[in-house]
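Position 115, counted from 1, in the sequence shown is what full-length UniProt numbering calls 115; the numbers after and before it change by one each time, with no gaps.
Glycine is no exception: its CB is placed at the ideal position from the N, C-alpha and C atoms.
All values derive from a computational prediction rather than experimental measurement.
Have a look at the structure below before the remarks.
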Amino acid sequence: RQGYEDPHWQYPAASYGDDYTYQSHQWQPVAWQDGRDLRQGEPYGKSTNYQDQHYYRGYHPNLATPPSGQDRTKTYDSYEESYTSAARREWAGGETFGSDVGEAGGQPQEPSLLLQYRESGLSSSGYELSQYIRDGADHYDPALAGTWSPAQAGGPLVSTPAPVVPLKFQLPHTAVCFGAGGQLVLVCPQCPADGWLAHVELHSLEVILHDTKELEELQAFPGPLAREDLHKVDVMTFCQQKIATSCDLSTQRGRDSSLLWKLLVLLCRQNGSMVGSDVAELLMQDCRRREKYKRQNPAANLIGLTDDEWVSRQPGTLDLITGEVPPVVETQAQIVEKFTKLLYYGRKKDALVWAMRNQLWGHALFLSSKMDPRTYSWVLTGFTSTLATNDPLQTLFQLMSGRIPQAALCCGDPTWGDWRPHLAVMLSNKAGDVELNHRAIVTMGDTLAARGAVEAAHFCYLMADIPFGYFGVKADRMALLGSSHRQAFAQFARTEVIQRMEIFEYCQHLQQPKSFLLPFQVYKLLYASRLADHGLPAQALQYCEQIATVLLGQDPASHPVLAQQVMKVS
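Pasting the structure below:
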C-alpha cells in the first residue's frame, strides 16, 4: 500500500492550463525520493516519462512491468483516453465541455470526473487500483465506468462488483448435515446460479455405520426392555454373551465384571428375587480356586504355659501327675483317656490345656463353658488363634461376636486372598444384629472401591440395598452399575454400562411391575440419542415414550429440563 498512508503524498488541486485538455486527472503525486523534492518538477502529463518504478509498483502494479515492446507512455495514454471517454459519457446531455483548446479557450466549463471522485472522498488512484484488482487485465474496460456515478448523494462511492470481504470458500465444496430419522444429508458441489442442477443426496446412517463396533453394540441389545413382546430369555442370552465376549476371566476385574452379569442372569431367572444362600452359591461358583487355609498351633502363652512348661509337656517326657511316660505318638483314644485322668485328680485347668494342645476343642469349650466366663473366653481365644487370619471362619466368628470382621477392612489386598468367600459366609449366616451385618457388607464394599475394584464394590452395595445416586453427587456410592462416577463422564456413561443398568431395572420390574429407577431416566435419554445418531430412530422413539411415561407419573414440575429434552429428542 505504498502511497496511501505516506504523509509525504499530497494531492494538490488540479490546474487547468491553456495547453491541455482535461488536466484534472493528471495531478502530480508528491514523494521524496533520492533526496529530491519531486514537487519542484514540472506537472507530468502526456509528455512525462514514467520511469519511477516505485510509483508504478505502488499505484499501478499492472503498469510496472508492461509487455515487451510496449512503451509505458503509450500504455498510460490508453488509460487517459479511457478516462476522458468515461467522463464524456457521464456528463453528456446538458453539460458543455471544451473539446480542444481552440473551442473552449483552454478552460473547461465543468470540473472533470476524477475531480468529482477526489472531492467525494475517493482518490483517482484508489479507483484505478480497484479497477486493476477487479479486472486482473492490463487494459481498462470503459463499460465498467458506468457503475460509478458522481451524482450519488453524499458518502464515498463503492465499487459494487468488487467484494469487500473475501469468500470463505474459493471453490464449491460438499456440505453435509444430519437430518431427521437417521439420515445424512449431502449437498454436492453444484452451482445452480451458473445453470447447474442442484444435487442433494440422502444416506442412511445405519447403512453407513453398518460395520462399526458402536452400531453392532447397539443392535445386539434387545432394548427397550419394557416392551410387552420381550421375553426374559432374550435378556439372559444377552448377559451370557457378554460374559463370553467381554469378560477376561484371567484378570481380577474381568472376573468381577462377569460376576455382575451372572447376578443379572440369576435375577432374571428368579424374577428379581433372591436370598443370601443363592448369592453365596453364585460367589463360590465364581471362585477361581478353593484356597487352603492352614491351621496353626495355639501359642503357649494363650493356654497359660511358659516355654519350660511347654517343653516338659511334650510327648516322651515323664508325666509327673500320672507317673507314666506317654508314648511319642498318641492315638485319639489315648488323648481322650489322659484328658479323663486329669479330671480324675481335679486338674481342670491342666485338662483344658491338654485338650487345647491336642485339638480337643469340643471338650475344652464344653468344660470351660461350665466354668467361669473368663475361662471360657480364654479357651475361645485359643481356639480362634489356630485359624488363619484370612480364613472365612474367622470372619464368621468375628461377626457372631458382634464385631466388624477384619476381612471387611482388608479385602482387595492381593496378600489377603479372594473376597468372595468372606461375603458368602456373611450372606448365608446373618447374625442377629441386622444393622451390624449391613455395616459389615457396606464396609467391605467401601474397602473394595478404595482399592479400585468398582464392580466388586457395587456387588456388595447391591447386597446391602444401597440406592443409586447421581453423577454430580460424588458422595453417592453408586450412579450406574459397574461404573465409577468419579471418572470422566464419557468413560462413565459407556453404552455397555447403560445396557447393564437397564437390565437391572428390568429385573426389578419383574418383581414389581410399577417400579423404576428415577435417576436412570436421563441415561436412557442419552442412550436414545445415541440410537438416533446411529440411524435407529424407531428404537430411540420407544425409549422416549418410556421416559415420558415415567415422568407423567411424577410431579410435572419436578424434572422440567428432562421433560423438555425428551420432547426435543422425540
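Reduced DSSP category for residue i - H, G, I as helix; E, B as strand; rest coil
{"i": "phenylalanine 178", "result": "strand"}
{"i": "residue 571", "result": "Because the chain is modelled from 1 through 570, residue 571 falls outside the range shown and cannot be assessed."}
{"i": "leucine 360", "result": "coil"}
{"i": "serine 385", "result": "coil"}
{"i": "leucine 367", "result": "helix"}
{"i": "serine 483", "result": "strand"}
{"i": "lysine 524", "result": "helix"}
{"i": "tryptophan 91", "result": "Unreliable placement is indicated for tryptophan 91, whose pLDDT of 46 sits below 50; the coordinate value is still reported in the next sentence. Three-state DSSP puts tryptophan 91 in coil, outside helix and strand."}
{"i": "glycine 452", "result": "coil"}
{"i": "lysine 74", "result": "Below a pLDDT of 50, predicted positions are generally treated as unreliable, and lysine 74, at 48, falls in that range; no measurement from the model is reported."}
{"i": "methionine 444", "result": "helix"}
{"i": "glutamate 330", "result": "coil"}
{"i": "lysine 568", "result": "helix"}
{"i": "alanine 490", "result": "helix"}
{"i": "arginine 347", "result": "coil"}
{"i": "serine 428", "result": "helix"}
{"i": "glycine 276", "result": "helix"}
{"i": "cysteine 287", "result": "coil"}
{"i": "proline 467", "result": "coil"}
{"i": "aspartate 372", "result": "coil"}
{"i": "valine 165", "result": "coil"}
{"i": "proline 560", "result": "helix"}
{"i": "valine 434", "result": "helix"}
{"i": "serine 529", "result": "helix"}
{"i": "phenylalanine 504", "result": "helix"}
{"i": "valine 473", "result": "coil"}
{"i": "lysine 338", "result": "helix"}
{"i": "histidine 534", "result": "coil"}
Burial state of residue i (16 or more Cβ within 10 Å)
{"i": "histidine 231", "result": "exposed"}
{"i": "tyrosine 11", "result": "Because the pLDDT of tyrosine 11 is 47, which lies under 50, any placement of that residue in the model is unreliable, and the question is left without a value."}
{"i": "serine 368", "result": "buried"}
{"i": "alanine 364", "result": "buried"}
{"i": "leucine 215", "result": "buried"}
{"i": "cysteine 239", "result": "buried"}
{"i": "phenylalanine 504", "result": "buried"}
{"i": "glycine 182", "result": "buried"}
{"i": "valine 200", "result": "exposed"}
{"i": "alanine 449", "result": "buried"}
{"i": "phenylalanine 339", "result": "buried"}
{"i": "arginine 374", "result": "exposed"}
{"i": "glutamine 394", "result": "buried"}
{"i": "glutamine 487", "result": "exposed"}
{"i": "tryptophan 196", "result": "exposed"}
{"i": "tyrosine 344", "result": "exposed"}
{"i": "residue 577", "result": "Coverage of the chain is limited to positions 1 through 570, which leaves residue 577 absent and any answer about it impossible."}
{"i": "leucine 352", "result": "buried"}
{"i": "alanine 280", "result": "buried"}
{"i": "alanine 333", "result": "exposed"}
Beta-carbon gap between residue i and residue j smaller than 8 Å
{"i": "leucine 536", "j": "glutamate 206", "result": "yes"}
{"i": "leucine 186", "j": "valine 176", "result": "yes"}
{"i": "aspartate 278", "j": "leucine 266", "result": "yes"}
{"i": "valine 379", "j": "methionine 400", "result": "no"}
{"i": "valine 569", "j": "serine 529", "result": "yes"}
{"i": "methionine 478", "j": "phenylalanine 471", "result": "no"}
{"i": "methionine 501", "j": "phenylalanine 489", "result": "no"}
{"i": "leucine 551", "j": "leucine 562", "result": "yes"}
{"i": "residue 603", "j": "asparagine 390", "result": "A query on residue 603 cannot be resolved here, the shown segment of the chain reaching from 1 to 570 and no further."}
{"i": "proline 189", "j": "histidine 203", "result": "no"}
{"i": "aspartate 350", "j": "leucine 342", "result": "yes"}
{"i": "methionine 236", "j": "cysteine 191", "result": "no"}
{"i": "methionine 274", "j": "alanine 424", "result": "no"}
{"i": "threonine 386", "j": "phenylalanine 397", "result": "no"}
{"i": "leucine 184", "j": "histidine 534", "result": "no"}
{"i": "residue 571", "j": "proline 421", "result": "A question about residue 571 goes unanswered here, because the residues of the chain that appear run from 1 up to 570."}
{"i": "aspartate 286", "j": "leucine 259", "result": "yes"}
{"i": "glutamine 539", "j": "leucine 526", "result": "no"}
{"i": "isoleucine 404", "j": "methionine 426", "result": "no"}
{"i": "serine 428", "j": "glycine 553", "result": "no"}
Would you call the stretch 479-490 and the stretch 454-462 touching, i.e. three or more CB-CB distances under 8 Å?
yes
Hey, is the stretch 459-474 in contact with the stretch 250-264, meaning 3+ C-beta pairs nearer than 8 Å?
yes
Contact between the stretch 463-478 and the stretch 427-445 (3+ Cβ pairs under 8 Å)
yes
Of all the alpha helix (DSSP H) runs that stay within the bounds of the UniProt domain "Sec16 central conserved" (174-272), which reach a length of 4 or more residues?
205-208, 213-220, 232-246 and 252-269
Are the stretch 542-561 and the stretch 212-228 touching by the rule of at least three beta carbon pairs closer than 8 Å?
yes
Touch test, the stretch 504-511 against the stretch 486-493, Cβ-Cβ under 8 Å, three pairs minimum:
no
Threshold first: 4 residues or longer. Then list the alpha helix (DSSP H) segments lying entirely within the stretch 376-424, N to C.
392-400 and 407-410
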